[in-house]
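Asker:
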Amino acid sequence: MRTYFFGTVGLLATLASSMMAGCQNGAAGGRSMARVSPDVREAIADARDRVFPALVNVEVVTLEYAGGKEQKNRGTGSGTILSKEGYVLTNAHVTDKGKRFWCTLSDKQRIPATMVGEDPWTDLAVIKLDLSRLLAGTELSTGSLGDSNTLTVGDYVLAMGSPFSLSRTVTLGIVSNTERVFTSAGTGQVDEMLLNWEQRTGLFTNWIQHDALINPGNSGGPLVNLRGEVIGVNTRGGSGMAFATPSNMARQVADALIAQGDVKRSSIGASFRHLQNTGLSEGVLVDSVDADGPAHAAGLRAGDVIRQIAGESLTVRFVEEIPPLLKQLADRPIGGPVEIVYDRGETKGQTVTVVTEPLRRDRGDEQALRTWGVTVQQITNRMAKEMRLSSTRGAMISSVRSGGPAANAEPSLGWGDVIVSIDGKPLEQIGDIVQRYEEVDGLKEKPEYVLIEFERGNKNYVTLIKPRPEERPDPPAELPKAWVGIATQPVLRNMAEMLGHPDQRGFRIMRVYTGTNAAKAGLEVGDIVLTLNGEKLEPRGIQDAGALTRAVRRLSIDSSATLSVLREGKVIDVPVSLERTRIESQEAARARNADFELAVREITFFDREDYRWDETVSGVLVESAEPAGWAGLAGVRGGDLIQKIGDHEVKDSASFKRAMEQIGKDQPGRVVFVVFRGSRTYFRFAEPDWKPTTEVEPKE
Amino acid sequence: MNRVLTAVAGLAVGTSVLAANAAATPTAMPAPIAAHDGEGELYKGIIEKVGPAMVTIKMVLKLEGMGDEAQDAEVTGLMIDPKGLILVSNTMIGGMMKQFTITPTNIKVLFDDDDDGAEGISAKLIARDSELDLAWFQIDDAKAQDKTFKAVELTSGAAPAMGDTIYTPRRLDKFFDRVMYISEGRVGGLTTKPRAMVVPSGFQVEPGGPVFGADGKLVGFGAIILPGDDDMDVNSFREIYGRTGPLILPTGEIKSATDRAKEIAAKVPAEEPTPAATPAAETPAEAPKEEPAP
């Protein structure tokens, strides 16, 4: 079965169809509700009122590692306020890689929040509202977690959240299944679900399946029973089906995250298969054993049938019983002995004592080594196994910047390479590499080369990289040529006849650019240029449309030319001083600001002409604003004309740089951008986070 | 035989090596050639004379404003001035995509006689001519300040005529150690509009690839000429490059554009940014009169 995490909003194209589907569902719901007793309707309203005020919309700025550098992105989801202290329960895939968080409360206050802890194994997370940012007198509403074990198939449930980032919605459905697991077709075994392609999730979960409509953006939102209790956390969905993590699991995880920031779990390094179709009738089949895990060390092997764990007999007949077994093992104390009784072939009732080890995350942390043009990732046990690495030593390259030092090294570094030493110093883990990188990067006199030893497959390589910052030269200038400030179209034979001068073909002036020498010379729209410096211009077809421009370009920039033009039936000579071609947008002076992740360029002559901006309009045009950068989050977009930043008027790239430098020094909590877009101005309010959490771009 | 001898002699004049120092003095002409291998000697002659001036330029092309995409690029350029001015095809460095700004960065020039592992010397793009598909790099590396480079002079011979034999030297990829080779063809056609160009027949010219006549003189450069903003009938050029490959832009036009580029190169100090010049008339003027209302 294919299901989807519903945290990231971006499928706007599906919004319309989803909304239509929602309307249809609503109509059907309306008919059935007409037969629902008033008591039920009251119960629904009561349940809504108990939890709805505790529902929040969660906004997240994430930091992704790709292309050899860090990149910010945005995501949204939903959550439930659990306590007056401001703890909010949501999904881990909503907060994953999050660096900044905001929650919009029921009273529409948008409050910053901080990470408390994430548990990818259950896809749950807790963030905490910054209570100091609440308006005075605000009373936080909270939702209470109910007992998910009391749910039965057919119970009414309400799904609350922010589908597609639309604030605060509630949908109604019934429980379809209380112990859903996702299984692979054919094998009947539990599907391996992954967060970020690497981190296993949902191992311990029997999902609550329901049909209350959820969509991207509902993730982390509460599933509520008619007693007004949160009995699940909406996490996955697809094809009209929704899946929630039971509240009893959520309570346990949230308590651990609030208490200690993570959930400590045990592992014995084995996986299991239910007995259906095995010919066995009791116990559970050991499906595989990690060669370096505790179960293997204790003597367990794949194919053994476990009959007892810690003195308790067990039989796992069906696939739905696998998650509870895994959870039971995971909940045991880390490092504690577990007595296991098992059968192996005809030998029955053997006993081993397995000493558990911590269950470690599958996915390693990442870091960007910007001036080397790579991102690196901590190697976990799971990664080492999956990638057939000899150990977890070193750090794996997770991405490379094209054209960067690592990509240009010979041999070049690539994804999957494992860096094991730098300049001859062995490296054990990612922290060592980052430390060595920072040492080199911090040197005033950078070494010409850094010697990198890395492993690829079973081979050990060395290479040299030349640390250097990315160059950002100005765009190259177009070779200046001679220009007359007019736009023309060819007047061909037929057109000339229709215009009443069949023997006088040439180029009709469509536009005379303001402020140019052409305008000063008195050229007019409607004039037909017949000759240039005495040479006849006789276009033969539309393909000759550019012939006049080309002929002018061959002349010297500072010379003058005589255009003989046909005006009102008379041929007159118009001398024009030629000028240099105006610069195109590609050549315009540019500026960047790393803090706000904003790239701008100056207005060109043709911008003014195209937008009909006269000389009173000034500013810099936004070339790019990273969507999750400070300016992007404020709503500054490519194509905006920035006219003012804070108190600083912006007229050109130099004044933009000055303004940003001053703002960088002052570090205000809010920066107002006044931008011109289309036919009007907009105020955009940026909320910089000046804490040096990351260096996204090298400072200019 | 005579034709070939004339060609080799012409080559020595037409593409004379301009280096001023002793190391760059033209090497001796190939030994007299036998009739049966005359073409071979001609090929060798072109390679010996032009090869040292055909340099490899490595760079990273940055696409501005599109998530900062970047791509490695390697192009062949022709040294046209002993002071380090190199001519390349603008198309080959992203210049044909006018809707985007593509800026070459981390530019390194590699030479045939570089030591093993040499990373080349740095250069900057001083100007491009989108109309003629030309771009000029200037070596600005402090290490090469007083160095003179082997260069090919931009002088043209007689105007090419239909059926004339023409030659283009090229470099293979890095995999083949960028070895030089020659392709031979004929003048298959001559255009006058939108500008005078030579249509090669029997072989394809590379964008930026120099083309020589049988007299050894430079005929022109492979160029992809695209319609400009003023050209209304953009469909009129379709398929042309699919059929013929780049056409050959005559040397005369290249020379006059290069003279302008040299003026720019002379004005720009080595470490100064390229002049993204804003004419005075384009300097944004006053703050807007319109006072926006929140």
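Chains B and H, in that order, are what the protein sequence lines are. Quick note on the working numbering: the first sequence kicks off at 13 and runs consecutively. Quick note on the working numbering: the second sequence kicks off at 77 and runs consecutively. All residues carry an ideal CB built from backbone N, CA and C; glycine is no exception.
Mind checking whether Arg649 (chain B) and Phe617 (chain B) have CB atoms under 8 angstroms apart?
Answerer: As a position in the first sequence, residue 649 (chain B) is number 637, starting the count at 1. As a position in the first sequence, residue 617 (chain B) is number 605, starting the count at 1. No, the pair does not count as a contact, with Cβ atoms beyond the cut-off.
Asker: Could you tell me if Leu455 (chain B) is buried or exposed, where buried requires 16 or more neighbouring beta carbons within 10 angstroms of its beta carbon?
Answerer: Taking the first residue of the first sequence as position 1, residue 455 (chain B) is located at position 443. Its Cβ having fewer than 16 others within 10 Å, Leu455 (chain B) is exposed.
Asker: Flag Arg336 (chain H) as yes if its beta-carbon sits less than 8 angstroms from any beta-carbon of chain B, otherwise no.
Answerer: By 1-based counting over the second sequence, the position of residue 336 (chain H) is 260. Output row for Arg336 (chain H): interface = yes.
Asker: Using the beta-carbon of each residue, which ones in chain B are nearer than 8 angstroms to Ser206 (chain H)?
Answerer: Against the second sequence, residue 206 (chain H) aligns to sequence position 130. The answer, in chain order, is Glu490.
Asker: Determine, using beta carbons only, whether Glu596 (chain B) and Asp664 (chain B) come nearer to each other than 8 angstroms.
Answerer: Translated into the one-based positions of the first sequence, residue 596 (chain B) becomes position 584. Translated into the one-based positions of the first sequence, residue 664 (chain B) becomes position 652. No.
Asker: Compare the C-beta of Ala203 (chain H) with all C-beta atoms of chain B and state if any pair is closer than 8 angstroms.
Answerer: Position 127 of the second sequence, counting from 1, holds the residue named residue 203 (chain H). Yes, Ala203 (chain H) lies at the interface with chain B (some Cβ there is under 8 angstroms from its Cβ).
Asker: Closest to Ser259 (chain B) by C-alpha separation, out of B:Ile391, B:Arg413, B:Glu241, would be which residue?
Answerer: To locate residue 259 (chain B), count along the first sequence from 1; it is residue 247. That would be B:Glu241, whose Cα lies nearest to the Cα of Ser259 (chain B).
Asker: List the residues of chain B whose Cβ lies closer than 8 angstroms to the Cβ of Arg271 (chain H), in chain order.
Answerer: Locating residue 271 (chain H) in the second sequence gives position 195, where the first residue counts as 1. Simply Arg562.
Asker: With DSSP as the reference, label Gly229 (chain B) as helix, strand or coil.
Answerer: For the purposes of this step, residue 229 (chain B) is taken as the residue at position 217 of the first sequence. Three-state DSSP puts Gly229 (chain B) in coil, outside helix and strand.
Asker: Kindly identify the DSSP beta-bridge partner or partners of Asn85 (chain B).
Answerer: Translated into positions along the first sequence, residue 85 (chain B) becomes position 73. For Asn85 (chain B), which the question treats as bridged, DSSP gives the partners B:Thr74.
Asker: So, at 6 angstroms on beta carbons, what are the nonlocal neighbours of Glu465 (chain B) in its own chain, with the 5 sequence-adjacent residues on each side left out?
Answerer: In the first sequence, the residue the question calls residue 465 (chain B) occupies position 453. Hits under 6 angstroms: Val432, Ser433, Val474.
Asker: Would the beta-carbon of Val331 (chain B) fall within 8 angstroms of that of Gln201 (chain B)?
Answerer: Within the first sequence, numbered from 1, the residue matching residue 331 (chain B) stands at position 319. Within the first sequence, numbered from 1, the residue matching residue 201 (chain B) stands at position 189. For Val331 (chain B) and Gln201 (chain B), yes; Cβs fall inside 8 angstroms.
Asker: Please identify the residue among B:Glu609, B:Arg670, B:Val632 whose C-alpha is closest to the C-alpha of Ala646 (chain B).
Answerer: For the purposes of this step, residue 646 (chain B) is taken as the residue at position 634 of the first sequence. Ranking B:Glu609, B:Arg670, B:Val632 by Cα distance to Ala646 (chain B) puts B:Glu609 first.
Asker: Which residues, taken in chain order from the stretch 589-601 of chain B, show a beta carbon closer than 9 angstroms to some beta carbon of chain H?
Answerer: So the list reads Glu591, Arg592, Arg594, Ile595, Glu596, Ser597, Gln598, Glu599, Ala600, Ala601, given in the order they occur along the chain.
Asker: For Glu621 (chain B), go through chain H and note every residue whose CB falls closer than 7 angstroms to its CB, in chain order.
Answerer: Within the first sequence, numbered from 1, the residue matching residue 621 (chain B) stands at position 609. Under the 7 angstroms cutoff, chain H gives no residues; its nearest Cβ is about 11 angstroms from Glu621 (chain B).
Asker: For Arg246 (chain H), which three-state DSSP category applies?
Answerer: Here residue 246 (chain H) refers to the residue found at position 170 when the second sequence is read from its first residue. Of the three classes helix, strand and coil, the one that applies to Arg246 (chain H) here is strand, per DSSP.
Asker: I'd like the list of long-range same chain contacts for Thr181 (chain H), defined as Cβ closer than 7 angstroms, with 5 residues on each side in sequence excluded.
Answerer: On the second sequence, residue 181 (chain H) is found 105 positions in, with the first residue counted as 1. Met135, Val136, Lys138.
Asker: What number of angstroms, rounded off, separates the C-alpha of Gly129 (chain B) from the C-alpha of Asn393 (chain B)?
Answerer: Residue numbering aside, residue 129 (chain B) sits at position 117 when the first sequence is read from its first letter. Residue numbering aside, residue 393 (chain B) sits at position 381 when the first sequence is read from its first letter. Their Cα atoms are separated by approximately 22 angstroms.
Asker: With DSSP run on the structure shown, which of helix, strand or coil describes Val63 (chain B)?
Answerer: If you number the first sequence from 1, residue 63 (chain B) lands on position 51. DSSP places Val63 (chain B) in helix when its eight states are reduced to three.
Asker: So which residues on chain B does Ala237 (chain H) lean against when the C-beta distance must stay under 8 angstroms?
Answerer: Counting from one through the second sequence, the residue named residue 237 (chain H) turns up at place 161. Going along chain B, no residue has its Cβ under 8 angstroms from Ala237 (chain H), so there is no contact; the nearest lies around 23 angstroms.
Asker: Report the start-end ranges of each alpha helix (DSSP H) in the stretch 612-691 of chain B that is 4 residues or longer and not cut off at the edges.
Answerer: Fully enclosed alpha helix (DSSP H) runs of 4 or longer: 617-623, 642-646, 665-678.
Asker: Can you pull the chain B residues whose beta carbon is under 7 angstroms from the beta carbon of Thr177 (chain H), in chain order?
Answerer: Translated into the one-based positions of the second sequence, residue 177 (chain H) becomes position 101. Correct list: Pro487, Gln598.
Asker: DSSP three-state call for Thr334 (chain H): helix, strand or coil?
Answerer: The sequence position of residue 334 (chain H) within the second sequence is 258, counting from 1. If DSSP states are grouped into helix, strand and coil, Thr334 (chain H) belongs with the helices.
Asker: Of all the residues that make up the stretch 407-419 of chain B, which are near chain H by a beta-carbon distance shorter than 9 angstroms?
Answerer: For the stretch 407-419 of chain B, which is checked against every Cβ of chain H, the residues closer than 9 angstroms are Arg413, Ser414, Gly415, Gly416, Ala419.
Asker: Per the DSSP calculation, Phe466 (chain B) is bridged to which residue(s)?
Answerer: Sequence index remark: in the first sequence, residue 466 (chain B) carries index 454 (1-based). Paired residues: B:Ile431, B:Tyr473.
Asker: Along the stretch 533-561 of chain B, where does the CB come closer than 9 angstroms to a CB of chain H? Name the residues.
Answerer: Residues Arg552, Gly553, Ile554, Gln555, Asp556, Ala557, Gly558, Ala559, Leu560, Thr561.
Asker: From what residue to what residue does the beta strand (DSSP E) around Thr528 (chain B) run?
Answerer: Here residue 528 (chain B) refers to the residue found at position 516 of the first sequence. Segment: none, Thr528 (chain B) is in no beta strand (DSSP E) and carries neither H nor E.
Asker: Are the C-beta of Arg565 (chain B) and some C-beta of chain H separated by less than 8 angstroms?
Answerer: Residue numbering aside, residue 565 (chain B) sits at position 553 when the first sequence is read from its first letter. Interface residue, yes.
Asker: Using only alpha-carbon positions, find the residue among B:Ala640, B:Ser667, B:Trp702 that is nearest to Leu75 (chain B).
Answerer: The count along the first sequence starts at 1 and reaches residue 75 (chain B) at position 63. It is B:Ala640 whose Cα lies nearest to the Cα of Leu75 (chain B).
Asker: Can you give me the C-alpha to C-alpha distance between Thr334 (chain H) and Thr528 (chain B), rounded to a whole angstrom?
Answerer: Start at 1 with the first residue of the second sequence, and residue 334 (chain H) comes out as number 258. Start at 1 with the first residue of the first sequence, and residue 528 (chain B) comes out as number 516. So the two alpha carbons sit approximately 27 angstroms from each other.
Asker: Under a three-way DSSP split, which group does Ala96 (chain H) fall into?
Answerer: Numbered from 1 along the second sequence, position 20 holds the residue referred to as residue 96 (chain H). Low local confidence applies: a pLDDT of 36 at Ala96 (chain H) is under 50, so the model's placement there is unreliable, with the coordinate-based value given in what follows. Looking at Ala96 (chain H) - three-state DSSP - the assignment turns out to be coil, as it is neither helix nor strand.
Asker: Could you tell me how far apart the beta carbons of Arg204 (chain H) and Leu491 (chain B) are, in whole angstroms, since I believe they sit closer than 8 angstroms?
Answerer: Looking up residue 204 (chain H) in the second sequence gives position 128. Looking up residue 491 (chain B) in the first sequence gives position 479. With 8 angstroms as the limit, Arg204 (chain H) and Leu491 (chain B) qualify as a contact, their Cβ atoms being about 7 angstroms apart.
Asker: Considering only residues of the stretch 88-165 of chain B, which uninterrupted alpha helix (DSSP H) runs meet the minimum length of 4 residues and lie entirely inside it, listed in chain order?
Answerer: You should have 104-107.
Asker: Could you check whether Arg517 (chain B) and Ala531 (chain B) sit closer than 8 angstroms to each other, using their CB atoms as the reference points?
Answerer: For the purposes of this step, residue 531 (chain B) is taken as residue 519 along the first sequence, with counting starting at 1. For the purposes of this step, residue 517 (chain B) is taken as residue 505 along the first sequence, with counting starting at 1. No, these two residues do not count as a Cβ contact at 8 angstroms.
Asker: Using beta carbons (cut-off 8 angstroms, strictly below), is Gln147 (chain H) in contact with chain B?
Answerer: Against the second sequence, residue 147 (chain H) aligns to sequence position 71. Output row for Gln147 (chain H): interface = yes.
Asker: So the beta strand (DSSP E) Asp585 (chain B) belongs to, where does it begin and stop?
Answerer: As a position in the first sequence, residue 585 (chain B) is number 573, starting the count at 1. Segment 582-589, the beta strand (DSSP E) holding Asp585 (chain B).
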